[in-house]
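Line by line, the protein sequences give chains A and B. Taking our numbering, the leading residue of the first sequence gets 4, the next gets one more, and so forth. Taking our numbering, the leading residue of the second sequence gets 4, the next gets one more, and so forth. Backbone N, C-alpha and C fix where the C-beta goes; we use that ideal spot for every residue, glycine too.
Number of protein chains: 2
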Amino acid sequence: MTLPAGIETPAVLVDLDIAEANIRAAQAHCDAVGVRLRPHVKTHKLIALARAQLAAGAVGITCQKVSEAEVFVRAGFDDVLITYNLLGAEKLARLRELSLHARMAACADSATTVNGLSAAFASAPKPLSVLVECDTGGGRCGVQSPEAAAELAGLIARSPGLIFGGLMTYPAAGTHGRVEEFMTVARDRAIRAAGSCATITSGGTPAMRTFTGSKVVTEYRPGTYVYNDRSLIARGDARVEDCALRVAATVVSRPTADRAILDSGSKTLSSDLLGLTGYGMLPDFPGAMIAGLSEEHAVVDLSGAGKRPDVGEVVSVIPNHACVVTNLTDRVFLHRGMVAPAATAVDARGRVW
Amino acid sequence: MTLPAGIETPAVLVDLDIAEANIRAAQAHCDAVGVRLRPHVKTHKLIALARAQLAAGAVGITCQKVSEAEVFVRAGFDDVLITYNLLGAEKLARLRELSLHARMAACADSATTVNGLSAAFASAPKPLSVLVECDTGGGRCGVQSPEAAAELAGLIARSPGLIFGGLMTYPAAGTHGRVEEFMTVARDRAIRAAGSCATITSGGTPAMRTFTGSKVVTEYRPGTYVYNDRSLIARGDARVEDCALRVAATVVSRPTADRAILDSGSKTLSSDLLGLTGYGMLPDFPGAMIAGLSEEHAVVDLSGAGKRPDVGEVVSVIPNHACVVTNLTDRVFLHRGMVAPAATAVDARGRVW
């Protein structure tokens, strides 16, 4: 590929035409199956793309951390769900400050988290909406049963400064049946324990294509769909031409006939494998395999490749996992079909606390 | 562990007493075996620690990219080796600008790279020193034989704007014999082809402990030794108490008796495995295993652990690979035995182009 002048490699390129098409397609899907869309902005961490998501019909945004939410609330976003157990005096003070400027919601899966949130919000001007995180098979955070969800919902409803906002899960891909079952029982019990259960929010791009509607889920929170990546291609959830984010890398060495070295390593592509073999796809060089990464080098195995790139050539890489790539780079180049790329700061890069 | 007020998790902590002891020990080792030390600053990306390395006796610094070198040259560092094949008009123009302010050296393993460097420096006020990168078994960049090294050395010596500076390798760990053999032949042939071969530079913390001197290597370039990490503990190259860099993380969930969730995921610890099982060590919780990471969560398997942390507890994590952790965080907290931590910007974070 040929890069416009002024862009040095490695460079993270975002094709806005593709990203906007992905945003429209996900919104159309959620509209069609009857759930609200609350995109997770951790994928792009860009105010401009979050605004495009809202303009397309999203009801608000999802953030993973308080520091990330601060960037978006400062930019005027007024409806933010933080899908995280927030603990610690400093973090809770910042959350309380955010709640003066935006409609904030947070999550909890333990009484310890609920009690901390309540202590921080008991004297706040507005109560905080708190959803119970449910482990529907993802094996990460979350209460382990509908009964435990209802019990925590009751505690939230009784806690000063808090209102019970509903139930949240990040499901394992392809487990919609399990989500449906867990959430139906949990919702009915939570209504008995807490008086209401307004929102049932699920999410994830990997499960979105097969999510064809629900009798209980009211909201969906995908993130990666805005860019797509090699992991989603491998799952059959995206095509190469749906990948809005690419890394432009230069071939800096061809030490042997079967080996090329790129100037993008784990500090650009990350080491995320997501169950795949190899660390990225070279769509213009079929059969080429990124066999290994060090911090600043990618080692490409060309033994299975017909066409092979020369030293100095710039190649396009579709990373395994787009969400970690954007968090590694201070800037992305936004463009439309490689025309007029604009270096743009990644607004919430590194906001992980 | 107890964090001083004002530090939110996840936080990257650097104990300066330990880092300084590591710097002294590596310098003493290189002095004892009779090689110059040129530390790779990609590990810490901090001007303050690079200064400490020079003060201890290092002859200069190693950088991996031009953008990284720019940060250090601007801070006054005047002897910088970039161990990389540099290609592309913009990058070469920046390298030429750097060479007006510091003694710069770069590397090449192909005529394409040499010709590009020569075109950029033919009209420069001072020639650029160029070393030939040799693949002594690491399987990354580098010419494949001593004969090819000598041939490229001759080309460099004949190229306008360049002087031949010597030979560079990043060896696979434990291959000192192979390095010795390759470099001895390459040096003798390079002297015949280019008239001299001033520097033979090798490197890497993993190979440093077993590097007990050489008849040919004149310079050594370790990076990770300043911090150490779990990968070096696993290799027997460092002890827990030699690890200057730790990640402080909060237990945000204990969904089951055998599972804890930390607030530090792949956006803090990185997914680097370096051949290990698990994504980090919890030195205060023997038997606990970081079994998986998502972007903002670490899933800890406690089934083999006696002592187990509670929700809200702050734990200390030794990451698998320190060099990628510092590149993920905008700031580290420098301290001495957890006293008076000072938030410090990671000067060259994200400087990968």
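Using 10 angstroms around the beta-carbon of residue i, count the other beta-carbons present and answer buried if the total reaches 16, otherwise exposed.
| i | result |
| --- | --- |
| Asp81/A | exposed |
| Val38/A | buried |
| Val342/B | exposed |
| Pro242/A | Here residue 242/A is Arg; the residue named in the question, Pro, does not match the sequence. Exposed, since its Cβ has fewer than 16 Cβ neighbours within 10 Å. |
| Ala252/A | buried |
| Asp20/A | exposed |
| Ala153/A | buried |
| Asp261/A | exposed |
| Met4/A | exposed |
| Gly63/A | buried |
| Ala53/A | buried |
| Ala8/B | exposed |
| Asp34/A | exposed |
| Pro258/B | buried |
| Lys270/B | buried |
| Ser126/A | exposed |
| Gly307/A | exposed |
| Leu103/B | exposed |
| Pro289/A | exposed |
| Gly141/A | buried |
| Lys68/B | buried |
| Gly79/A | exposed |
| Glu244/A | exposed |
Would residue i and residue j qualify as a contact pair, given that the criterion is a beta-carbon distance under 8 Å?
| i | j | result |
| --- | --- | --- |
| Val298/A | Lys129/B | Residue identity check: residue 298/A is Glu in the sequence provided, not Val. No, the pair does not count as a contact, with Cβ atoms beyond the cut-off. |
| Val133/A | Phe167/A | yes |
| Ala197/A | Ala156/A | yes |
| Lys94/A | Ala351/A | no |
| Val229/B | Val314/B | no |
| Val358/B | Thr332/B | No answer is possible for residue 358/B: it lies beyond the span of chain B, which begins at 4 and ends at 356. |
| Pro163/A | Ser205/A | no |
| Thr12/B | Val317/B | yes |
| Leu170/B | Val117/B | no |
| Ile203/A | Arg212/A | no |
| Glu222/B | Arg97/B | no |
| Asp112/A | Cys144/A | yes |
| Val74/B | Leu101/B | no |
| Ile321/B | Arg238/B | no |
| Leu337/B | Ala345/B | yes |
Hey, does residue i have any beta-carbon neighbour from chain B nearer than 8 Å?
| i | result |
| --- | --- |
| Gly2/A | In this structure chain A extends from 4 to 356, so residue 2/A is not present and cannot be described. |
| Val182/A | no |
| Ile264/A | yes |
| Glu357/A | A question about residue 357/A goes unanswered here, because the residues of chain A that appear run from 4 up to 356. |
| Tyr87/A | yes |
| Ser319/A | no |
| Val302/A | yes |
| Gln67/A | yes |
| Asp357/A | Residue 357/A is absent from the structure shown; chain A starts at 4 and stops at 356. |
Can you find a CB in chain A that lies within less than 8 Å of the CB of residue i?
| i | result |
| --- | --- |
| Thr271/B | yes |
| Asn330/B | yes |
| Lys3/B | Residue 3/B is absent from the structure shown; chain B starts at 4 and stops at 356. |
Could you name the residues of chain A that residue i contacts, counting a contact when the two beta carbons are closer than 7 Å?
| i | result |
| --- | --- |
| Glu11/B | Gly91, Glu93, Lys94 and Trp356 |
| Asp275/B | Ser269 and Ser274 |
| Gln147/B | Pro258 and Thr259 |
Measuring only from the beta carbon, is residue i closer than 7 Å to any heavy atom that is part of the ligand MG?
| i | result |
| --- | --- |
| Leu296/B | The ligand content of the structure shown is nil, which means the ligand MG is not present either. |
Residues of chain B with a CB under 8 Å from the CB of residue i: which are they?
| i | result |
| --- | --- |
| Thr115/A | Asp313, Val314 and Gly315 |
| Asp138/A | Pro258 |
In chain A, which residues lie less than 8 Å from residue i when you measure between Cβ atoms?
| i | result |
| --- | --- |
| Thr144/B | Before going further, note that residue 144/B is Cys rather than Thr in the sequence given. Per Cβ cutoff of 8 Å: Val255, Ser256, Pro258, Ile264 and His300. |
For residue i, go through chain B and note every residue whose CB falls closer than 7 Å to its CB, in chain order.
| i | result |
| --- | --- |
| Val327/A | Ser269, Lys270 and Glu298 |
| Asp333/A | Gly353 |
| Gln56/A | Under the 7 Å cutoff, chain B gives no residues; its nearest Cβ is about 18 Å from Gln56/A. |
For residue i, return the contacting residues in chain B, with the cut-off set at a CB-CB distance below 9 Å.
| i | result |
| --- | --- |
| Thr45/A | For clarity, residue 45/A is Lys in the given sequence; the question names Thr instead. Result: Lys270, Glu298 and Glu299. |
Whole runs of the alpha helix (DSSP H) within the stretch 196-256 of chain B, excluding any shorter than 4 residues:
Runs of the alpha helix (DSSP H) inside the stretch 196-256 of chain B: 208-211 and 233-237.
Mind listing, in chain order, the continuous alpha helix (DSSP H) runs of no fewer than 4 residues lying wholly within the stretch 102-129 of chain A?
114-124
Jot down the residue ranges of each uninterrupted beta strand (DSSP E) in the stretch 244-324 of chain A, minimum 3 residues, whole runs only, in chain order.
248-259, 262-265, 292-296, 301-304 and 317-320
Let me know the beta strand (DSSP E) ranges lying completely inside the stretch 58-97 of chain A, each 3 residues or longer, listed in chain order.
64-66 and 82-88
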